[in-house]
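Trainee: Before I ask anything, here is the structure I am working with.
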Amino acid sequence: MNTKTFASQADLEVKKVSFDKLSDHAWAYTAEGDPNTGIVIGDDAVMVIDTQATPVMAQDVIRRIREVTDKPIKYVLLSHYHAVRVLGASAYQPEHIIASQDTYDLIVERGEQDKASEIGRFPRLFQAVESVPDGMTWPTITFTGKMTMFLGKLEVQILQLGRGHTKGDTVVWLPQDKVLFSGDLVEFDATPYAGDAYFKDWPQTLDNIAALKPEKLVPGRGRALQNPAEVGAGLSGTRAFVSELYESVKAGASAGRDLKTVYRETYERLAPKYGQWVIFAHCMPFDVTRAYDEATQYPDPRIWTAERDIAMWQALEDIKA
Ligand SMILES: [Zn+2]
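The sequence shown begins at 0 in numbering that gives the first Met the number 0 and counts up by one.
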């Protein structure tokens, strides 16, 4: 019998942070598969893309930024609504927090539940969680489709290229430098979390990213991708995982097999190829559950609560609470 600990509650190993330059305007704060933060340095201001999970953790990002620029951090951009990327925002004291209207709507609809759920799943990623202010992190600017900002002469395109990891997915594109910040739409050597995903849309959204021809890319998790070959590997690896998982689940569901059976067969099918990616065992129950929902009766992701998380895990992994 499987006795896997719930989600990532047993993952306590501290990761090593890297702070890598991609261009004169772009940096990546990465940590061996933990959630990444992107930094855009314009002529007159700095934009932070995804904040880290708590204000205390964000202080380490600020420390690194201050090693390379003294320009003010005016903007925080949320690639999507997940708590692990959002709740550190207050540390930057930004003039504005920018998100897609779809992301804003998801914070209204399920922000509170997501916060409780994510903290329960992965305590290590919420170091000093008591430093998170009460309530939600509210965007002060929202957009639909595309918004362009000019940080001095630097053009910063903020784009919705389609749904994938969530309904609100937003990427940041620097056309002069050909650098893209993808959020969790692209992962590298890390398992895509798809518990709130749109499996049918995700591959097309990856095509839309590829069409920009980024030469460098900061994924949601994993190290910075520093040339077109690495960018291609990130895109194709993410696409393969998402597509193979959904095909496996769809086939099982349409043959009338129940979720637990489909989970087992999909896990065994994907583990040889992807099992070495970080958070594989964490993601699979959520990913397969969402894929089964999408393949059957739920076009939109159902809200995860702390209680639903545990009930799902018990049903699929045979653990006792
Ligand atoms: Zn996410």
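Here a beta-carbon is modelled for each residue, glycine too, at the ideal position from N, C-alpha and C.
Source: prediction; values computed, not measured.
Whole angstroms is fine: what's the gap from residue 59's alpha carbon to residue 124's?
Mentor: Whole-angstrom Cα-Cα distance: 14 Å.
Trainee: May I ask you to report which of helix, strand or coil DSSP gives residue 189?
Mentor: strand
Trainee: Name the one or two DSSP bridge partners that residue 135 has.
Mentor: None, per the DSSP bridge assignment.
Trainee: Rounded to the nearest angstrom, what separates residue 236 and residue 64 at their Cα positions?
Mentor: 30 Å
Trainee: Taking just the CA atoms, how far does residue 223 sit from residue 15?
Mentor: 14 Å
Trainee: Determine contact between the segment 162-179 and the segment 113-123, defined as no fewer than three beta-carbon pairs at a distance below 8 Å.
Mentor: no
Trainee: Considering only residues of the same chain and omitting the five flanking positions on each side of residue 203, which have a CB-CB separation below 7 Å?
Mentor: 161
Trainee: Could you check whether the segment 214-222 touches the segment 12-29, counting it as contact only if at least three pairs of C-beta atoms, one from each stretch, sit closer than 8 Å?
Mentor: yes
Trainee: What ranges does the beta strand (DSSP E) occupy inside the segment 79-118, keeping only unbroken runs of at least 3 residues that lie completely in it?
Mentor: 95-99
Trainee: Between the segment 139-148 and the segment 93-100, do three or more beta carbon pairs fall short of 8 Å?
Mentor: The segment 139-148, when compared against the segment 93-100, does touch it at the 8 Å Cβ threshold.
Trainee: State yes or no: is the C-beta of residue 87 within less than 7 Å of the C-beta of residue 34?
Mentor: Their beta carbons are not under 7 Å apart, which means residue 87 does not touch residue 34 by this criterion.
Trainee: What is the rounded straight-line gap between the Cα of residue 1 and the Cα of residue 279?
Mentor: No answer about residue 1 holds up, because its pLDDT of 46 lies below 50 and its placement is not dependable.
Trainee: Which residues mark the beginning and the end of the alpha helix (DSSP H) in which residue 323 is found?
Mentor: There is no way to answer for residue 323, as the model of the chain reaches only from 0 to 320.
Trainee: In three-state DSSP terms, what is residue 240?
Mentor: Correct three-state label for residue 240: helix.
Trainee: If you count every other CB in all the chains shown that lies within 10 Å of the CB of residue 267, and 16 or more means buried, which is it?
Mentor: With fewer than 16 Cβ atoms within 10 Å of its Cβ, residue 267 is classed as exposed.
Trainee: How many whole angstroms separate the CB atoms of residue 42 and residue 205, which I take to be in contact at a CB cut-off of 8 Å?
Mentor: Contact between residue 42 and residue 205 is absent: CB atoms are separated by about 32 Å, not below the 8 Å threshold.
Trainee: Which residue from 151, 231 and 48 puts its Cα closest to that of residue 93?
Mentor: 48
Trainee: Are the Cβ atoms of residue 300 and residue 289 separated by less than 7 Å?
Mentor: yes
Trainee: List the residues that DSSP assigns as beta-bridge partners of residue 127.
Mentor: According to DSSP, residue 127 bridges with nothing at all.
Trainee: By how many angstroms is the C-alpha of residue 82 removed from the C-alpha of residue 103?
Mentor: 13 Å
Trainee: Give the DSSP-derived three-state secondary structure of residue 216 in the structure shown.
Mentor: strand
Trainee: Whose beta carbon lies closer than 5 Å to any heavy atom of ligand 1, going through the chain in order?
Mentor: 81 and 183
Trainee: Give me, in chain order, the residues of the same chain whose beta-carbon lies closer than 8 Å to that of residue 169; leave out the 5 immediate sequence neighbours on both sides.
Mentor: 76, 77, 78, 79, 98, 99, 102, 157, 158, 159 and 182
Trainee: Work out the CA separation of residue 283 and residue 233 for me, nearest whole Å.
Mentor: Rounded to whole angstroms, residue 233 and residue 283 show a C-alpha spacing of 19 Å.
Trainee: Return the residue from the list 240, 199, 147 and 136 that minimises the CA-CA distance to residue 185.
Mentor: Ranked by Cα distance from residue 185, the options 240, 199, 147 and 136 are led by 240.
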